[in-house]
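Data first, discussion second: the structure below is written as structure tokens.
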Amino acid sequence: MKMQITEIITDETLREIREHGTPEFPFEYYLDDIDEIGQGYVEWHWHNEIEWAWVESGKVICRIGNEKIILEAGEGIFINSRVIHRFETPGGALMPNILHAPELLAARESAIYQKYVSPVITYGKEYVILEKEKNSGILSLLDEIYKDAGKEMLRKELIIQNKISRLWDELFEEVPDIVQRESRNKNLLLQSRLREMMQFIENHYKERISLERLAAEANISKSEALRCFKRGIGTTPVKYLIDYRLERAKELLCKTNDTVIRVAADVGIDNTSYFVRIFKKMYGMTPGAFREEEGLKKAGEK
């Protein structure tokens, strides 16, 4: 049976803490309904596992660094180990995906791992867009693996591991420049700093957060903090903080009966008029109208 994730839970570095598979067989498959996970988005997170995702229906926007990657039905994406990413959907989407540890391909001390796995996860591209025609071999194999994972059959783990190895070979065949040493090293440091600052915001968003305080969390200058956010996720620290507060406000409006004044205060915004104004600018309606619309949706589902 396909597993469905309803919530992404992360630690203080934004690492997803869910275990994908088991230590004995570190592989898992999911069918993500992005609307169900987080009202149209899967928040920023990363994991050690390699992720392969593709769009079954709808449209998905994947954000990696300052890149906005639009995936239509039939297209997919390879996301490398330890790359921070986010998924959004403008109108609902179903996205099958599989995650596996790099060690599923081969033992760390083996020649296969050292020659063909380690260079990719250490120096490889952060992501690869899987196009319908150009990467049909990879996409077809992903579909096979996904279907096999849902079956009861003999030698299931052996069959899946074999196809994952074929998938890796296809990646080298279809993406010959997958390894890019210099650029990945720089990005690893940037992402490490960015994760620290983003997690600090998520832990302290109810408080006043200055750029100086944020930069201090990552032991960098204010200008470097600005650069990390701009290059890492294409925005500024202030914009990320505001967006995060508004997302939390949406949750409170849906899940509680608190007044708009209380909701604003609970997400760290003291000025209610300002809160209403930026909420409307972001979502096209006032907090009260949003709550009313969500209430009507829930009533219609009953």
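Take the sequence shown: its letters are residues 9 to 310, numbered as in my numbering. Virtual Cβ for every residue (Gly too), placed ideally from N, Cα, C.
Open item on the list: I want to know whether the region 155-166 touches the region 129-146 - three or more CB-CB distances under 8 Å.
Closed with: no
- [ ] Tell me whether residue 22 sits in a helix, a strand or coil according to DSSP, three-state version.
- [x] coil
Open item on the list: With a threshold of 8 Å, are at least 3 pairs of Cβ atoms found where one atom belongs to the region 86-95 and the other to the region 47-60?
Closed with: yes
Task: 4 or more residues per run - each alpha helix (DSSP H) lying fully within the region 213-263 - done: 219-225, 230-241 and 245-263
TODO: Would you list the residues sitting across from residue 66 in a DSSP beta bridge?
DONE: 101
Task: Same chain, Cβ closer than 7 Å to residue 220, neighbours up to 5 away in sequence not counted - done: 230
Open item on the list: Could you tell me the alpha carbon to alpha carbon distance between residue 264 and residue 248, rounded to whole angstroms?
Closed with: 24 Å
Task: Outcome for residue 304 when other beta-carbon atoms lying within 10 angstroms are tallied against a minimum of 16 - done: exposed
Open item on the list: Which complete alpha helix (DSSP H) runs does the region 108-154 hold, if anything under 4 residues is left out?
Closed with: 126-131
Open item on the list: Using 8 Å as the cut-off, can you tell me whether the region 196-204 makes contact with the region 222-241, which would need three or more C-beta pairs spanning the two stretches below that distance?
Closed with: yes
- [ ] Under 6 Å Cβ to Cβ from residue 275, same chain only, skipping five residues before and after it: list those, please.
- [x] 253, 256 and 257
TODO: Give the single residue among 84, 63 and 88 whose Cα lies nearest to the Cα of residue 56.
DONE: 88
Open item on the list: Between which two residues does the beta strand (DSSP E) holding residue 50 run?
Closed with: 49-53
Task: For residue 71, the nearest candidate out of 166, 81, 135 and 107 (CA to CA) - done: 135
TODO: Report yes if the C-beta distance between residue 66 and residue 81 is below 8 Å; otherwise report no.
DONE: yes
Task: Residue span of the alpha helix (DSSP H) that contains residue 286, given as start and end - done: 280-291
Task: DSSP three-state assignment for residue 43, whether helix, strand or coil - done: helix
TODO: Reducing DSSP to helix, strand and coil, say where residue 73 ends up.
DONE: coil
Open item on the list: Pull the bridge partners of residue 172 from the DSSP assignment, please.
Closed with: Paired residues: none, contrary to the question.
Task: Top-ranked residue by Cα proximity to residue 141, from 83, 295 and 116 - done: 83
TODO: Indicate whether residue 112 and residue 149 have their beta-carbon atoms separated by less than 8 Å.
DONE: no
- [ ] Please list, in chain order, all residues of the same chain as residue 290 whose beta carbon is under 7 Å from its beta carbon, the five residues on each side excluded.
- [x] 254
Task: Spatial neighbours of residue 90 in its chain, beta-carbon cut-off 8 Å, leaving aside the 5 residues before and after - done: 54, 55, 56, 129, 196 and 199
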